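Here is the structure we will look at, set down as structure tokens.
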Amino acid sequence: MNLNYRDAGVDIPLADQWVGTIRNIVRSMPADPNVLGGIGGFSGLYRLPGGLVLAGCCDGVGTKIEVAKAAGKFDGIGQDLVAMNVNDLVTCGARPLFFLDYIACGRLKPEILGPIVESAARACRDSGCALLGGETAEMPGTYNEDGLDLAGFSVGMLREDEIIDGSRIAPGDAVVGIASSGVHSNGFSLVRKALFSSGNPCGLSDTPEVLEGKTIGESLLVPTRLYVSVALEAASSGLVGGMAHITGGGLYDNIRRVIPGDLALSLDYDAWPRSPIFSLLRDRGIDESEMRKVFNLGIGFAFIVRKEKLPEFLSLLESLGEKGYVIGGVSA
Numbered sequence: 001m002n003l004n005y006r007d008a009g010v011d012i013p014l015a016d017q018w019v020g021t022i023r024n025i026v027r028s029m030p031a032d033p034n035v036l037g038g039i040g041g042f043s044g045l046y047r048l049p050g051g052l053v054l055a056g057c058c059d060g061v062g063t064k065i066e067v068a069k070a071a072g073k074f075d076g077i078g079q080d081l082v083a084m085n086v087n088d089l090v091t092c093g094a095r096p097l098f099f100l101d102y103i104a105c106g107r108l109k110p111e112i113l114g115p116i117v118e119s120a121a122r123a124c125r126d127s128g129c130a131l132l133g134g135e136t137a138e139m140p141g142t143y144n145e146d147g148l149d150l151a152g153f154s155v156g157m158l159r160e161d162e163i164i165d166g167s168r169i170a171p172g173d174a175v176v177g178i179a180s181s182g183v184h185s186n187g188f189s190l191v192r193k194a195l196f197s198s199g200n201p202c203g204l205s206d207t208p209e210v211l212e213g214k215t216i217g218e219s220l221l222v223p224t225r226l227y228v229s230v231a232l233e234a235a236s237s238g239l240v241g242g243m244a245h246i247t248g249g250g251l252y253d254n255i256r257r258v259i260p261g262d263l264a265l266s267l268d269y270d271a272w273p274r275s276p277i278f279s280l281l282r283d284r285g286i287d288e289s290e291m292r293k294v295f296n297l298g299i300g301f302a303f304i305v306r307k308e309k310l311p312e313f314l315s316l317l318e319s320l321g322e323k324g325y326v327i328g329g330v331s332a
């Protein structure tokens with residue numbers, strides 16, 4: 001049995017077509033000279049007077065919320081929501097200023113929503129940004145009584161001459177990755193299909209040997225790592241030509257987003273240790289090629305660095321308490 005994302009109800013080719021449709025709609029509107037770049041980056045950029053630029057992004061936690069609901073554990077999902085946004089934001093070098101949340105539910109349940117917002121507030125504090133506000137929409141008839149969805153929005157700022165946009169990436173550059181905490185917040189429709197919807201479903205309290213004493217629920221609900229501090233240190237060092245947050249689409253597609261189109265990217269998928277949860281997912285019928293397309297596989301954030309600067313950059317990461325893995329390279 002080889003499970004794929006389409007089996008789980010997610011149509012990636014259609015999603016790619018939809019992004020193209022959005023891009024065409026935006027291009028059909030009168031151009032705003034203050035908009036820098038186009039649709040498809042990790043964040044959108046908008047020029048302000050005085051050489052300043054605002055960066056903005058929007059994201060959610062997908063169907064990880066369904067696992068949280070099944071486990072009755074919501075004290076990390078708010079961090080997931082913040083991380084999915086601020087980690088995208090910092091890829092251009094922007095410092096997060098503030099975050100807003102949108103919570104849609106079938107019925108208002110403070111005992112559930114309270115831990116979510118508390119978790120988001122802690123993550124904002126740890127990311128150096130304000131939890132500025134949000135919206136909680138109680139929508140009976142649209143959602144069932146237990147229905148719940150989360151979205152977040154983050155805005156940051158930097159100087160225009162500080163933007164890291166991949167334009168300085170060159171042949172010979174190295175790709176350096178740092179660890180994820182697990183699945184993070186992408187691919188959960190496929191995770192749920194593999195673990196809970198097969199002919200031999202797992203339970204959240206199961207402790208497969210491969211998880212080294214952890215339950216499936218614990219392993220899946222580890223919050224997405226916050227990469228803000230290490231990414232901003234990397235940006236200010238002047239050593240990186242590009243940064244990528246590894247989300248939907250896996251390592252290759254996300255790193256490819258920041259590399260100029262005339263350059264090639266190669267990755268060595270044996271260059272780092274994988275989190276045990278990915279071994280379990282493989283054992284449950286997701287083959288290697290699909291795993292690479294969907295999951296971070298243990299690397300949550302990546303940097304593109306000049307080869308001659310690699311030792312200095314790895315030392316910088318070590319000083320920040322991070323282990324850097326050389327996971328690939330850029331070529332002509």
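In terms of the UniProt record's numbering, the sequence shown opens at residue 1 and continues consecutively. Even glycine gets a Cβ: it sits at the ideal position worked out from N, Cα and C. The model shown is predicted, which means the values in this text are computed figures rather than measured ones.
Just to confirm before moving on: does the CB-CB distance between residue i and residue j stay below 8 Å?
{"i": "Gly172", "j": "Lys307", "result": "yes"}
{"i": "Asp80", "j": "Pro276", "result": "no"}
{"i": "Phe42", "j": "Asp75", "result": "no"}
{"i": "Gly38", "j": "Val19", "result": "no"}
{"i": "Ile221", "j": "Ala71", "result": "Looking at the sequence provided, one finds Leu at residue 221 rather than Ile. In contact: Leu221 and Ala71 (Cβ atoms closer than 8 Å)."}
{"i": "Val230", "j": "Ile304", "result": "no"}
{"i": "Ala235", "j": "Gly156", "result": "no"}
{"i": "Tyr325", "j": "Val176", "result": "yes"}
{"i": "Ile103", "j": "Leu132", "result": "no"}
{"i": "Ala123", "j": "Leu226", "result": "yes"}
{"i": "Ile77", "j": "Ser119", "result": "yes"}
{"i": "Arg192", "j": "Val67", "result": "yes"}
{"i": "Pro96", "j": "Ser185", "result": "no"}
{"i": "Ser205", "j": "Gly213", "result": "no"}
Apply the 10 Å Cβ neighbour rule to residue i and answer buried if 16 or more other Cβ atoms are within range, or exposed otherwise.
{"i": "residue 358", "result": "This structure cannot speak to residue 358, because the chain is shown only from 1 to 332."}
{"i": "Asn296", "result": "buried"}
{"i": "Val35", "result": "exposed"}
{"i": "Ala302", "result": "buried"}
{"i": "Leu14", "result": "exposed"}
{"i": "Met291", "result": "buried"}
{"i": "Gly152", "result": "buried"}
{"i": "Val26", "result": "exposed"}
{"i": "Gly300", "result": "buried"}
Measuring CA to CA, which of the options is closest to residue i?
{"i": "Arg168", "options": "Glu111, Pro140, Met243, Glu118", "result": "Met243"}
{"i": "Arg257", "options": "Ala55, Thr91, Ile25", "result": "Thr91"}
{"i": "Val82", "options": "Ala94, Lys69, Ala68, Asp59", "result": "Asp59"}
{"i": "Val53", "options": "Leu14, Arg107, Asp161, Asp7", "result": "Asp161"}
{"i": "Ser181", "options": "Ile246, Ala174, Ile65", "result": "Ile246"}
{"i": "Lys64", "options": "Ile255, Met84, Ile22", "result": "Met84"}
{"i": "Gly309", "options": "Ala170, Arg6, Gly62", "result": "It should be noted that the sequence gives Lys, not Gly, for residue 309. Comparing Cα positions, the closest option is Ala170."}
{"i": "Glu135", "options": "Gly128, Cys105, Asp7", "result": "Cys105"}
For the alpha helix (DSSP H) that contains residue i, what are its first and last residues?
{"i": "Cys124", "result": "110–127"}
{"i": "Gly261", "result": "No alpha helix (DSSP H) contains Gly261, which DSSP labels as neither H nor E."}
{"i": "Gly38", "result": "Gly38 -> no alpha helix (DSSP H), and no H or E assigned at all."}
{"i": "Asn4", "result": "Element bounds for Asn4: n/a, residue is neither H nor E."}
Does residue i get closer than 8 Å to chain C when you measure Cβ to Cβ?
{"i": "Ser28", "result": "Among the chains in the structure shown there is no chain C, since it carries only a single protein chain."}
Over the uninterrupted beta strand (DSSP E) stretch that includes residue i, give me the two end residues.
{"i": "Ile286", "result": "Per DSSP, Ile286 belongs to no beta strand (DSSP E) and is neither H nor E."}
{"i": "Tyr227", "result": "Segment: none, Tyr227 is in no beta strand (DSSP E) and carries neither H nor E."}
Next item on the list: Output the residue ranges of the beta strand (DSSP E) runs that lie fully inside the UniProt domain "PurM-like N-terminal" (44–157) and measure 3 residues or longer, sorted by chain position.
Entry: Runs of the beta strand (DSSP E) lying entirely within the UniProt domain "PurM-like N-terminal" (44–157) and spanning at least 3 residues, in chain order: 44–47, 52–60, 95–105, 130–138.
Note to self: Which complete alpha helix (DSSP H) runs does the UniProt domain "PurM-like C-terminal" (171–330) hold, if anything under 4 residues is left out?
What the structure shows: Unbroken alpha helix (DSSP H) stretches of 4 residues or longer found wholly inside the UniProt domain "PurM-like C-terminal" (171–330): 188–196, 216–220, 228–237, 250–256, 276–283, 288–294, 310–319, given in chain order.
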